[in-house]
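Novice: Protein chains in written order, with our numbering: chain A, 1 to 310; chain B, 1 to 250. Note that the Cβ used here is the ideal one computed from N, Cα and C, for glycine as well. Only a predicted model underlies this, so the values are computations on that prediction, with no experimental measurement involved. Before I ask anything, here is the structure I am working with.
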Amino acid sequence: MGSVSEFFQHFLNGLTLGGIYALIALGYTMVYGILKFINFAHGDILMVGAYIGLFIFDFLRGDKPLSAWWFVAFMIAMLCSMVFCGLLGMFIEKVAYKPLRKATRLAPLLSAIGVSFVLSNLAAWLFGTQSRKLEYPFDNTPIVIGSGSNAVSITPHQILILVASALMMLILKLFVDKSRMGKAMRATSLDQDTAKLMGIKSDHVISLTFAIGSALAACGGMLIALDFKVYATMGTMVGLKAFVAAVVGGIGNISGAMLGGLLLGLLETFGVALLGIPQGYKDAIAFGVLILILLFKPDGLLGKNEKEKV
Amino acid sequence: MSSLLSIDDIQVSYGNIKALKGVSIDAQEGQIVCLIGANGAGKSTLLRSIVGLEPLVSGQISYSDSVIAQGHGEHHRGHANCLPTEQICSLGIALVPEGRRVFADMTVEENLDMGAFLVKDKSEILKRKSEMYDFFPILGQRRKQKTRSLSGGEQQMMAIARALMSSPHLLLLDEPGLGLAPLVVQDIFSKISIINKENKVTVFLVEQNARMALRAADDGYVMENGLIVLSDKASALLANPKVKSAYLGQ
Ligand SMILES: Nc1ncnc2c1ncn2[C@@H]1O[C@H](COP(=O)(O)OP(=O)(O)O)[C@@H](O)[C@H]1O
Ligand SMILES: [Mg+2]
Numbered sequence: 001m002g003s004v005s006e007f008f009q010h011f012l013n014g015l016t017l018g019g020i021y022a023l024i025a026l027g028y029t030m031v032y033g034i035l036k037f038i039n040f041a042h043g044d045i046l047m048v049g050a051y052i053g054l055f056i057f058d059f060l061r062g063d064k065p066l067s068a069w070w071f072v073a074f075m076i077a078m079l080c081s082m083v084f085c086g087l088l089g090m091f092i093e094k095v096a097y098k099p100l101r102k103a104t105r106l107a108p109l110l111s112a113i114g115v116s117f118v119l120s121n122l123a124a125w126l127f128g129t130q131s132r133k134l135e136y137p138f139d140n141t142p143i144v145i146g147s148g149s150n151a152v153s154i155t156p157h158q159i160l161i162l163v164a165s166a167l168m169m170l171i172l173k174l175f176v177d178k179s180r181m182g183k184a185m186r187a188t189s190l191d192q193d194t195a196k197l198m199g200i201k202s203d204h205v206i207s208l209t210f211a212i213g214s215a216l217a218a219c220g221g222m223l224i225a226l227d228f229k230v231y232a233t234m235g236t237m238v239g240l241k242a243f244v245a246a247v248v249g250g251i252g253n254i255s256g257a258m259l260g261g262l263l264l265g266l267l268e269t270f271g272v273a274l275l276g277i278p279q280g281y282k283d284a285i286a287f288g289v290l291i292l293i294l295l296f297k298p299d300g301l302l303g304k305n306e307k308e309k310v
Numbered sequence: 001m002s003s004l005l006s007i008d009d010i011q012v013s014y015g016n017i018k019a020l021k022g023v024s025i026d027a028q029e030g031q032i033v034c035l036i037g038a039n040g041a042g043k044s045t046l047l048r049s050i051v052g053l054e055p056l057v058s059g060q061i062s063y064s065d066s067v068i069a070q071g072h073g074e075h076h077r078g079h080a081n082c083l084p085t086e087q088i089c090s091l092g093i094a095l096v097p098e099g100r101r102v103f104a105d106m107t108v109e110e111n112l113d114m115g116a117f118l119v120k121d122k123s124e125i126l127k128r129k130s131e132m133y134d135f136f137p138i139l140g141q142r143r144k145q146k147t148r149s150l151s152g153g154e155q156q157m158m159a160i161a162r163a164l165m166s167s168p169h170l171l172l173l174d175e176p177g178l179g180l181a182p183l184v185v186q187d188i189f190s191k192i193s194i195i196n197k198e199n200k201v202t203v204f205l206v207e208q209n210a211r212m213a214l215r216a217a218d219d220g221y222v223m224e225n226g227l228i229v230l231s232d233k234a235s236a237l238l239a240n241p242k243v244k245s246a247y248l249g250q
């Protein structure tokens with residue numbers, strides 16, 4: 001095993017990766033909490049978010065040279081992309097899931113897979129199959145802290161991810177814990193009929209849930225797009241991993257999704273770094289550990305394991 | 001006297017099972033009306049259909065002289081002609097459901113906040129909460145606790161307080177004494193009487209604990225297999241030999 005600084009470096013890398021997983025896992029878990037259904041199109045929303053963000057960012061920065069404006073433009077692009085995806089998520093729920101709410105439980109699941117294909121094929125058709133790159137809105141030279149064998153380096157991109165994902169999760173947590181609609185969301189996810197008895201319109205709560213989850217996915221999509229390429233199926237693998245993170249954290253549980261996401265990011269990073277596992281096997285290791293966790297805690301780390309009280 | 005709630009010959013089915021086979025009940029303003037019946041008679045189904053959680057096959061339900069639910073035939077389950085639950089509750093009807101159905105992961109205070117979801121005025125919500133803490137002191141002591149940590153009796157009080165947070169005119173209670181110790185049940189029933197007498201809330205009470213319920217009530221109904229088989233003044237039902245042998249164990 002390496003030095004303390006090496007450990008800290010991997011921890012930092014894992015945390016940034018995990019922050020992104022967590023942002024995306026939140027969408028799966030919130031929708032599941034309310035509708036008991038896995039939105040398999042969630043990863044594709046992330047892809048749409050990345051494309052929209054890329055187009056707006058490229059439009060805003062035009063051919064101006066790299067400057068503070070680029071960062072402002074990036075933030076504007078992220079905000080627009082989050083709003084757009086929020087609306088898209090609400091729209092998809094209205095047309096593809098809501099009509100099936102009284103059907104068998106499998107029906108909306110199949111519909112979600114359909115939506116996923118539609119979105120990724122539409123993107124391939126509209127934007128081409130060539131992948132694109134979102135430029136860093138800042139000089140991404142790593143900042144080195146310390147020197148020699150004690151040095152830890154962090155890129156501005158990593159700082160952005162850490163700040164953005166921490167901020168998003170903080171806002172979400174405050175919203176869900178303190179606000180009137182946030183409490184209504186929790187009540188609806190705990191007991192939909194009883195929530196209706198309180199005068200809570202579950203349709204509104206469901207729309208809001210899709211809007212928030214999709215906006216967070218758009219944010220995650222843009223953060224990923226800075227390091228990786230933007231293409232029509234970019235959301236598939238990340239979406240799958242974030243879904244697993246949500247399950248490991250305890251699906252339906254918001255803090256669980258955050259925890260599961262961070263854990264998955266750390267596992268991947270440490271698996272490669274400390275155990276010397278070849279890069280190609282990192283997913284296998286990470287998933288292996290997650291399966292182990294589920295063997296001992298089938299409802300996830302923060303999932304409830306209680307029988308319904310009669 | 002005017003009927004606040006009027007249930008007119010309603011039928012409700014679950015698939016092929018006919019749970020209510022033509023039930024009529026009236027609740028006069030200001031009264032406590034109770035419905036007794038054995039397990040599976042259809043009592044909960046009746047309460048759930050009043051608040052729009054079960055669609056009617058036929059018949060109709062009116063509240064304050066306006067129709068809130070109407071039957072729409074066997075084949076229209078799910079599209080029945082009734083107001084959505086949230087809207088019915090906004091008219092001043094509150095149901096304390098069977099088994100309490102507290103939001104277990106939320107604190108007592110948050111549960112009460114949910115009860116006042118339709119109240120926009122924050123100071124009004126605070127005022128009602130403090131009234132509830134006065135009326136149920138134990139809830140005041142537990143207000144920051146998760147509801148799951150409360151005892152059964154405390155949870156029942158919380159469910160009632162939560163329903164009262166909306167300042168209902170009509171309070172529907174589904175077996176508030178279920179599974180609770182006799183002393184606790186007595187406490188709850190005395191609270192229900194106070195709610196009725198002092199806050200002028202009309203109460204429609206469903207119970208298996210017939211004696212306690214009939215003592216508290218003005219009018220009573222007896223339900224068997226989805227039909228009302230007896231209805232009378234509650235005091236008369238207490239003296240009725242059939243009721244005595246079937247429901248009072250005498
Ligand atoms: N969700 C349901 N699905 C199918 N049958 C039900 C359902 N709920 C109740 N029933 C049936 O309807 C009848 C009346 O039930 P219920 O209204 O709960 O009775 P009670 O509250 O008087 O015990 C029973 O035969 C019960 O089995
Ligand atoms: Mg019942």
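Could you tell me the distance, in whole angstroms, from the CA atom of Y28 of chain A to the CA atom of G49 of chain A?
Specialist: Here residue 28 of chain A is taken as the residue at index 28 of the first sequence, counted from 1. Here residue 49 of chain A is taken as the residue at index 49 of the first sequence, counted from 1. If you take the alpha carbons of Y28 of chain A and G49 of chain A, they lie about 16 Å apart.
Novice: G300 of chain A CB to nearest chain B CB: under 9 Å?
Specialist: Locating residue 300 of chain A in the first sequence gives position 300, where the first residue counts as 1. Not an interface residue.
Novice: Kindly indicate which three-state DSSP category K122 of chain B falls into: helix, strand or coil?
Specialist: The residue given as residue 122 of chain B occupies position 122 in the second sequence. K122 of chain B: helix per DSSP, three-state reduction.
Novice: Secondary structure at F84 of chain A, three-state DSSP: helix, strand or coil?
Specialist: Indexing the first sequence from 1 puts residue 84 of chain A at position 84. Of the three classes helix, strand and coil, the one that applies to F84 of chain A here is helix, per DSSP.
Novice: Just to confirm before moving on: does the CB-CB distance between G221 of chain A and G235 of chain A stay below 9 Å?
Specialist: One-based indexing of the first sequence puts residue 221 of chain A at position 221. One-based indexing of the first sequence puts residue 235 of chain A at position 235. Their beta carbons are under 9 Å apart, which means G221 of chain A touches G235 of chain A by this criterion.
Novice: Taking S49 of chain B as the query, report the chain A residues whose CB atoms sit under 9 Å from its CB, ordered along the chain.
Specialist: Against the second sequence, residue 49 of chain B aligns to sequence position 49. Result: empty, since nearest Cβ-Cβ is about 13 Å, beyond 9 Å.
Novice: Listing by chain order, which chain B residues have their CB less than 7 Å from the CB of D191 of chain A?
Specialist: Here residue 191 of chain A is taken as the residue at index 191 of the first sequence, counted from 1. Chain B residues near D191 of chain A: R101, F103.
Novice: Does any CB atom of chain B fall closer than 9 Å to the CB of K297 of chain A?
Specialist: Taking the first sequence and counting its residues from 1, the one referred to as residue 297 of chain A is at position 297. Output row for K297 of chain A: interface = no.
Novice: Could you check the C-alpha separation between M90 of chain A and F204 of chain B for me, to the nearest Å?
Specialist: Translated into the one-based positions of the first sequence, residue 90 of chain A becomes position 90. Translated into the one-based positions of the second sequence, residue 204 of chain B becomes position 204. The straight-line gap from Cα to Cα measures roughly 40 Å.
Novice: Between E110 of chain B and P97 of chain B, what straight-line distance do the alpha-carbon atoms span, to the nearest angstrom?
Specialist: Taking the first residue of the second sequence as 1, we reach residue 110 of chain B at position 110. Taking the first residue of the second sequence as 1, we reach residue 97 of chain B at position 97. If I take the Cα positions, the gap works out to 18 Å.
Novice: Along the alpha helix (DSSP H) that carries F8 of chain A, what are the first and last residues, could you check?
Specialist: Position 8 of the first sequence, counted from the first residue, corresponds to residue 8 of chain A. Start and end: 4 to 35.
Novice: Taking only beta-carbon positions, decide if R186 of chain A is within less than 9 Å of chain B.
Specialist: Within the first sequence, residue 186 of chain A is the residue found at index 186, counting from 1. Output row for R186 of chain A: interface = yes.
Novice: Straight-line CA distance for V72 of chain A to L79 of chain A?
Specialist: Locating residue 72 of chain A in the first sequence gives position 72, where the first residue counts as 1. Locating residue 79 of chain A in the first sequence gives position 79, where the first residue counts as 1. Spanning the two alpha carbons is a distance of roughly 11 Å.
Novice: Within 8 Å: the Cβ of V108 of chain B and any heavy atom of ligand 2?
Specialist: Taking the first residue of the second sequence as 1, we reach residue 108 of chain B at position 108. Not under cutoff, so the answer is no.
Novice: Between L197 of chain A and chain B, is any beta-carbon pair separated by less than 9 Å?
Specialist: Here residue 197 of chain A is taken as the residue at index 197 of the first sequence, counted from 1. Chain B contact via Cβ: present.
Novice: In chain order, what residues place their C-beta within less than 6 Å of a heavy atom belonging to ligand 1?
Specialist: Residues flagged by the Cβ proximity filter: B:Y14, B:I17, B:A19, B:G37, B:N39, B:G40, B:A41, B:G42, B:K43, B:S44, B:T45.
Novice: Just checking, does the segment 36 to 55 of chain A make contact with the segment 213 to 228 of chain A on the three C-beta pairs under 8 Å criterion?
Specialist: The answer is yes - the segment 213 to 228 of chain A touches the segment 36 to 55 of chain A, with three or more Cβ pairs under 8 Å.
Novice: Which residue marks the beginning of the alpha helix (DSSP H) containing G115 of chain B, and which one marks its end?
Specialist: For the purposes of this step, residue 115 of chain B is taken as residue 115 along the second sequence, with counting starting at 1. From DSSP, the alpha helix (DSSP H) with G115 of chain B extends over 108 to 115.
Novice: Give the straight-line distance between the Cα atoms of V201 of chain B and S2 of chain B, rounded to the nearest whole angstrom.
Specialist: Position 201 of the second sequence holds residue 201 of chain B. Position 2 of the second sequence holds residue 2 of chain B. Going from the Cα of V201 of chain B to the Cα of S2 of chain B covers about 14 Å.
Novice: With DSSP as the reference, identify every bridge partner of M223 of chain B, one or two as the case may be.
Specialist: What you label residue 223 of chain B is simply residue 223 of the second sequence in a count that begins at 1. B:G37, B:I228, per the DSSP bridge assignment.
Novice: Check the Cβ of F117 of chain B against every Cβ in chain A and list those closer than 9 Å, keeping chain order.
Specialist: Stepping through the second sequence from its first residue, residue 117 of chain B is reached at position 117. By Cβ distance, chain A contributes R180, K183, A184, A187, A195, M198, G199, I200.
Novice: Determine the direct distance from the alpha carbon of M258 of chain A to that of V163 of chain A, and round the result to whole angstroms.
Specialist: By one-based count along the first sequence, residue 163 of chain A stands at place 163. By one-based count along the first sequence, residue 258 of chain A stands at place 258. One C-alpha to the other measures close to 14 Å.
Novice: Give me the Cα-Cα distance between I188 of chain B and Y221 of chain B, rounded to the nearest whole angstrom.
Specialist: One-based indexing of the second sequence puts residue 188 of chain B at position 188. One-based indexing of the second sequence puts residue 221 of chain B at position 221. One C-alpha to the other measures close to 21 Å.
Novice: Specify whether the segment 16 to 23 of chain B and the segment 205 to 212 of chain B touch according to this definition: at least 3 beta carbon pairs, one from each stretch, less than 8 Å apart.
Specialist: Verdict: no, contact absent.
Novice: Following a CB-centred definition, is E98 of chain B positioned closer than 8 Å to any heavy atom of ligand 2?
Specialist: To locate residue 98 of chain B, count along the second sequence from 1; it is residue 98. Checking every heavy atom of ligand 2 against the Cβ of E98 of chain B, one is found closer than 8 Å.
Novice: Is the shortest distance between the beta-carbon of C34 of chain B and the beta-carbons of chain A less than 9 Å?
Specialist: Indexing the second sequence from 1 puts residue 34 of chain B at position 34. No, because no Cβ of chain A sits closer than 9 Å to the Cβ of C34 of chain B.
Novice: Confirm, please, whether the CB-CB distance from I228 of chain B to I192 of chain B is below 9 Å.
Specialist: Numbered from 1 along the second sequence, position 192 holds the residue referred to as residue 192 of chain B. Numbered from 1 along the second sequence, position 228 holds the residue referred to as residue 228 of chain B. No.
Novice: Would you grab the beta carbon distance between M212 of chain B and G177 of chain B for me? Rounded to a whole angstrom, and I think it's under 8 Å.
Specialist: Here residue 212 of chain B refers to the residue found at position 212 of the second sequence. Here residue 177 of chain B refers to the residue found at position 177 of the second sequence. Going by Cβ atoms, the distance from M212 of chain B to G177 of chain B rounds to 7 Å, so yes, they are a contact pair.
Novice: On a Cα-Cα basis, can you pick out the residue from A:L160, A:G86, A:L267, A:V118 that is closest to Y136 of chain A?
Specialist: Indexing the first sequence from 1 puts residue 136 of chain A at position 136. Checking every option, the nearest Cα to that of Y136 of chain A belongs to A:L160.
Novice: Given a cut-off of 9 Å on the beta-carbon distance, is the pair A211 of chain A and A22 of chain A in contact?
Specialist: Position 211 of the first sequence, counted from the first residue, corresponds to residue 211 of chain A. Position 22 of the first sequence, counted from the first residue, corresponds to residue 22 of chain A. Not in contact: A211 of chain A and A22 of chain A (Cβ atoms no closer than 9 Å).
Novice: Interface residues of chain A around T85 of chain B at Cβ under 8 Å?
Specialist: If you number the second sequence from 1, residue 85 of chain B lands on position 85. The contacting residues are D193, K196, L197.
Novice: Taking 9 Å as the CB-CB cut-off, is D174 of chain B touching chain A?
Specialist: Numbered from its first residue, the second sequence carries residue 174 of chain B at position 174. No, no contact with chain A.
Novice: For a minimum of 3 consecutive residues, which ranges assigned as the beta strand (DSSP E) are wholly contained in the segment 191 to 217 of chain B?
Specialist: Listed in chain order, they are 202 to 207.
Novice: Quick one: complete alpha helix (DSSP H) runs, 4+ long, within the segment 55 to 142 of chain A?
Specialist: As far as the segment 55 to 142 of chain A is concerned, its whole alpha helix (DSSP H) runs of at least 4 residues are 68 to 92, 106 to 127.
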